[in-house]
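These protein sequences, in sequence, are chains A and B. Heads up: the first sequence runs through residues 1 to 116, numbered per our numbering. Heads up: the second sequence runs through residues 117 to 227, numbered per our numbering. The next block holds one structure in the form of C-alpha cells; read it before the comments.
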Amino acid sequence: ETGVTQTPRHLVMGMTNKKSLKCEQHLGHNAMYWYKQSAKKPLELMFVYNFKEQTENNSVPSRFSPECPNSSHLFLHLHTLQPEDSALYLCASSHPQGGSGANVLTFGAGSRLTVL
Amino acid sequence: SQELEQSPQSLIVQEGKNLTINCTSSKTLYGLYWYKQKYGEGLIFLMMLQKGGEEKSHEKITAKLDEKKQQSSLHITASQPSHAGIYLCGADILAGNQFYFGTGTSLTVIP
C-alpha cells in the first residue's frame, strides 16, 4: 500500500459508455499526475495538477477529461473511448521540493481499462 | 519524441549473475529517478540521483549518474528472482512537473 489508491482496479467499457477513474492520496502531496501505460510503449504523461490547477495537458484527446476537486483527489472521466485507449492508467502524486529539485512520485496500483 | 532511452529493452539472466541497465538523455537532467514495476502494477521508487557523479546503493542495487547528468546506470549484483520486473528511469526534463519516463527494461531472473 503506497498511500495512493486507485479505483476501480479493472474496468471494461463499450465505446459509447461514460465512466470515471478515481485516484485518492492522503500523503499531503500537492501535485497529482495521470499516466497511460500501453503494451510495449513508454509511460505517457497525460495530465499534471499542482495545487488543484492543471499545469500540463500533454496533447491528450478530449475524450479524456481530468478533474481535480482538491489536492487529495483526481479523476479521469472517460467518454466515447476507442479500443486503442485500452491500457493501464496510473495515478501518481508528489511533493516537489522546490530548491532541492527532488520530486519523488508515489504511484497507485493502476486501473486496467479495456475498451470493447 | 522520447526524452529518455533505456537499454537493453529486456534482459534474461541466471540467478546469481550481475547485470546493468542504462538510461540516456539528450538533455541535462534536474534529477534522475529509478523505479521498479511488477507486471500490471504501479511503480515503486528505488533511488534518486541529483548530482553529477553521484552513486547510491541499496541492498544489491547500485545506481550512478554521470558527471554531465545525462546518463545513468543501474547495476544489480548477484541477481535473485525477487529482482524480476520492469525497471524504469524517470526524470524532470524541464523545471516544473514534467516528469517523464524511459522506455523500460524488462528483467527476468531464472532460478
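Idealized CB from N, CA, C, for every residue including glycine.
Rounded to the nearest whole angstrom, the CA to CA distance from T16 (chain A) to S65 (chain A) is 15 Å. DSSP, read as helix, strand or coil, puts H29 (chain A) in coil. Contacts between A102 (chain A) and chain B, judged by CB atoms closer than 8 Å, involve G147, M164 and Q166 in chain order. Burial of S188 (chain B) is indicated by the presence of at least 16 other C-beta atoms within 10 angstroms of its C-beta.
In the three-state reduction of the DSSP assignment, H95 (chain A) falls in the coil class. Judged by their CB atoms, Q6 (chain A) and A87 (chain A) are not nearer to each other than the 7 Å cut-off.
The beta carbon of I192 (chain B) sits closer than 7 Å to those of N134, L135, K176, I177 and H199, all from its chain and outside the five residues before and after it, given in chain order.
F107 (chain A) sits away from L81 (chain A), with the two beta carbons spaced by 7 Å or more.
Fewer than three beta-carbon pairs drawn from the region 57–75 of chain A and the region 138–151 of chain B are found closer than 8 Å, and the two stretches are therefore not classed as touching. Under the Cβ criterion of 7 Å, P8 (chain A) is not counted among the residues facing chain B. Residue state for D182 (chain B) is assigned as coil, using DSSP reduced to three classes. Proximity of P42 (chain A) to chain B, defined by a Cβ-Cβ separation below 7 Å, is satisfied. In the three-state DSSP reduction, S20 (chain A) falls in the strand class (E or B). In this structure, the straight-line span from the alpha carbon of G201 (chain B) to that of K40 (chain A) is close to 14 Å. Looking at the DSSP output, D208 (chain B) sits in a beta bridge with B:F215.
Within the same chain, and ignoring the five residues on either side of S141 (chain B) in sequence, the residues whose Cβ sits closer than 7 Å to its Cβ are E119, L120, Q186 and A207.
Neighbourhood of T219 (chain B) in chain A, by CB distance below 7 Å: P42, in chain order.
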